[in-house]
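There are 2 protein chains.
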Amino acid sequence: MTESEAEARGARPAARGRPRSAAADRAIVEAVLRLLERGVGVDALSMEGIAREAGVGKATVYRRWSGKDALLLDVMRTLEEPPDEVRGESVRDDLVDILERLRQRGLAKRNSAILRAMTSHFHSHPRLWQEYHDTVIRARRDLLHSVLRRGMARGEIRADLDVELLGELFIGPMLSRALLRAWAELPEGLAERIVDGVLEGARPRE
Amino acid sequence: MTESEAEARGARPAARGRPRSAAADRAIVEAVLRLLERGVGVDALSMEGIAREAGVGKATVYRRWSGKDALLLDVMRTLEEPPDEVRGESVRDDLVDILERLRQRGLAKRNSAILRAMTSHFHSHPRLWQEYHDTVIRARRDLLHSVLRRGMARGEIRADLDVELLGELFIGPMLSRALLRAWAELPEGLAERIVDGVLEGARPRE
DNA sequence: GTGATACGAGACGGTTCCGTATCGGAAAGT
DNA sequence: ACTTTCCGATACGGAACCGTCTCGTATCAC
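Quick mapping for you: the protein sequence lines, in order, are chains E and X. Each residue of the first sequence is one higher than the one before, counting from 9 in the numbering used here. Each residue of the second sequence is one higher than the one before, counting from 9 in the numbering used here.
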């Protein structure tokens, strides 16, 4: 929701002139995402460059957002996409599902570029990081934790470990691969291998 | 090693005028690191700002480096600090050592800020990422892998898993905590908990 | 139609940074 | 003493971007 849309729902239902173009809204948000994906970096983003990329006049951007910060906050909000529910049969399969979705969508080109951009600016743009975290990370983390808790209740997961830590044991390796092996694709089957590796442990079982 | 020092070892051993100030060298590199640590972001770094932060004239920077790219490459090279050898008693203790050093130094304030900055620009500055990777990441990864291979040979580590993947099982959780839980400190004892968690596995052993 | 508002384009003055050049003074060799 | 090079400071023209404003045109309610 843009600032303008929020304000349009106010006390003035009578829209009198030419209405704002929804296509322009989309073009601007898409342009920001394309630029971030291209590795442009939050503080190298320019309103001028965004308008250019969107094929839009600068005034059209400033008519909707007061500045770069407000625009970026709204862009973060468009990323919302609550994670699919999980099938709930075996905990192991649910974990594989979660990591497989992370592999295919969460850490695919665009999303991983945005993740990088956000993590690198959390310090200089804490508000922006907060919005990204709340919109993108929180729901997925909650889902993972609920699966783990169910696993603990059913005896499929050790109950003597912190849920936070357990979640990181599963998420971390995928993240590590995506961030440190920057240009390599995340190979098919990685989700299964991580889940089974973490479940069974690195020490041999006799 | 700065470009100037490299070139000074060339065919001209006769240094005739006032020698370059080593203090200025250090001040400039330190300034870059301080700015990165402050969350400034690679493409928001300006030569002008660097000189200002270092308390140095712009010409003093340009006398040493041809531009921002060359300077940043050299800054990456100063990060070299080959990891301490590992005690080599039990594989479990070695793994704890490695992760504990990662917690205390590798992901402490300055170093994690630089890691964030690099991962977010690997796409737009591949040369810079390469240098960072070679200087900072490679040696530590090699050490970790050698420890894991020793563990496999001694039967302390499963031999049916890929060493790459195994390494990520240990590194990933620490990385995940440092990058996604941006402002939280990495708590004491985290290294032990990760290593033991991964070694034993998330599934209960009976 | 008429009035209101949005559109893309871009002019505008102000700021910051670029990379180069020049300054007077400092620190080394000869 | 004299030369050479470095030092910090700062001036320079050029570029990019800021946020505002003004064009001429397009699209809506009335």
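Using N, Cα and C, we set each Cβ at its ideal position, and we do this for glycine too.
If you draw a straight line from the C-alpha of residue i to the C-alpha of residue j, how long is it?
i: Ala16 (chain X); j: Ser74 (chain X); result: Confidence in Ala16 (chain X) is poor, its pLDDT being 40 and thus under 50, which makes the residue's placement too unreliable to answer from.
i: Tyr140 (chain X); j: Ser29 (chain E); result: 45 Å
i: Arg46 (chain E); j: Arg148 (chain X); result: 29 Å
i: Glu200 (chain X); j: Arg211 (chain E); result: 15 Å
i: Pro27 (chain X); j: Gly114 (chain X); result: 35 Å
i: Arg156 (chain E); j: Leu207 (chain E); result: For clarity, residue 156 (chain E) is Leu in the given sequence; the question names Arg instead. So the alpha carbons of these two residues sit roughly 11 Å apart.
i: Ile106 (chain X); j: Ser98 (chain X); result: 13 Å
i: Ala192 (chain E); j: Ala23 (chain X); result: 47 Å
i: Ala62 (chain E); j: Ser154 (chain X); result: 50 Å
i: Ser128 (chain E); j: Asn119 (chain X); result: 12 Å
i: Ala32 (chain E); j: Glu56 (chain E); result: 15 Å
i: Asp204 (chain E); j: Arg100 (chain E); result: 8 Å
i: Glu4 (chain E); j: Pro195 (chain E); result: This structure cannot speak to residue 4 (chain E), because chain E is shown only from 9 to 214.
i: Lys66 (chain E); j: Gly96 (chain E); result: 49 Å
i: Gly197 (chain X); j: Val37 (chain E); result: 43 Å
i: Leu43 (chain X); j: Ala116 (chain X); result: 15 Å
i: Ser132 (chain E); j: Gly25 (chain X); result: 43 Å
i: Arg162 (chain X); j: Leu188 (chain E); result: 29 Å
i: Gly175 (chain E); j: Arg34 (chain X); result: 42 Å
i: Ser54 (chain X); j: Leu80 (chain X); result: 11 Å
i: Val64 (chain E); j: Arg72 (chain E); result: 12 Å
i: Ala39 (chain X); j: Leu110 (chain X); result: 24 Å
i: Asp51 (chain X); j: Val144 (chain X); result: 21 Å
i: Ala190 (chain E); j: Leu173 (chain X); result: 15 Å
Name the two residues that bound the continuous alpha helix (DSSP H) containing residue i.
i: Ala116 (chain E); result: It is not in any alpha helix (DSSP H) - Ala116 (chain E) carries neither H nor E in the DSSP assignment.
i: Asp142 (chain E); result: Premise fails: Asp142 (chain E) is in no alpha helix (DSSP H) and is neither H nor E.
i: Ile58 (chain E); result: 55-62
i: Ala30 (chain X); result: 30-45
i: Ala190 (chain E); result: Counting along the chain, Ala190 (chain E) falls outside any alpha helix (DSSP H), and DSSP gives it neither H nor E.
i: Ile106 (chain X); result: 99-109
i: Val203 (chain X); result: 198-208
i: His153 (chain E); result: 146-161
i: Ala67 (chain E); result: 66-72
i: Arg85 (chain X); result: 76-86
Determine the chain X residues that contact residue i at a beta-carbon separation under 7 Å, and present them in chain order.
i: Ser74 (chain E); result: Those within 7 Å of Ser74 (chain E) in chain X number zero; the least Cβ separation is about 21 Å.
i: Leu188 (chain E); result: Ile145
i: Gly197 (chain E); result: Correct list: empty, because the minimum Cβ distance to chain X is about 11 Å.
Using a C-beta to C-beta distance shorter than 7 Å, which residues of chain E count as neighbours of residue i?
i: Glu108 (chain X); result: Simply none; closest approach about 16 Å.
i: Glu164 (chain X); result: Arg211
i: Glu176 (chain X); result: Pro181, Ser184, Arg185
Applying a beta-carbon distance threshold of less than 9 Å, which residues of chain X neighbour residue i?
i: Arg201 (chain E); result: Leu169, Asp170, Leu173
i: Ala39 (chain E); result: The premise fails here: Ala39 (chain E) is roughly 17 Å from chain X at the closest Cβ pair, so nothing lies under 9 Å.
Please list, in chain order, the chain X residues whose beta carbon lies closer than 8 Å to that of residue i.
i: His153 (chain E); result: Neighbours of His153 (chain E) on chain X: none; closest Cβ ~13 Å, over 8 Å.
i: Leu127 (chain E); result: First, the residue type needs correcting, since residue 127 (chain E) is Thr and not Leu in the sequence shown. What Thr127 (chain E) touches in chain X: Arg124, Thr127, Ser128, Leu187, Leu188, Ala190.
i: Val25 (chain E); result: The sequence shown places Gly at residue 25 (chain E), rather than the Val named in the question. Ordered by position in chain X, no residue passes the 8 Å Cβ test against Gly25 (chain E), which lies about 39 Å from the chain.
Note down, in chain order, every chain E residue with its Cβ under 9 Å from the Cβ of residue i.
i: Ile179 (chain X); result: Gly180, Pro181, Ser184, Leu188
i: Gly57 (chain X); result: Going along chain E, no residue has its Cβ under 9 Å from Gly57 (chain X), so there is no contact; the nearest lies around 12 Å.
If the cut is a Cβ gap below 8 Å, which residues of chain E does residue i touch?
i: Asp102 (chain X); result: Residues of chain E passing the Cβ test: none, with the nearest at roughly 13 Å.
i: Ala52 (chain X); result: Gly49, Asp51, Ala52
i: Ser132 (chain X); result: Arg46, Gly47, Val48, Gly49
i: Glu208 (chain X); result: Arg166, Gly209, Arg211
i: Gly114 (chain X); result: None at all; the shortest Cβ gap to chain E is about 12 Å.
**OP:** Tell me, please, whether the stretch 77-89 of chain E touches the stretch 159-167 of chain X by the rule of three or more beta-carbon pairs shorter than 8 Å.
**Re:** With the cut-off at 8 Å, the stretch 77-89 of chain E and the stretch 159-167 of chain X do not touch.
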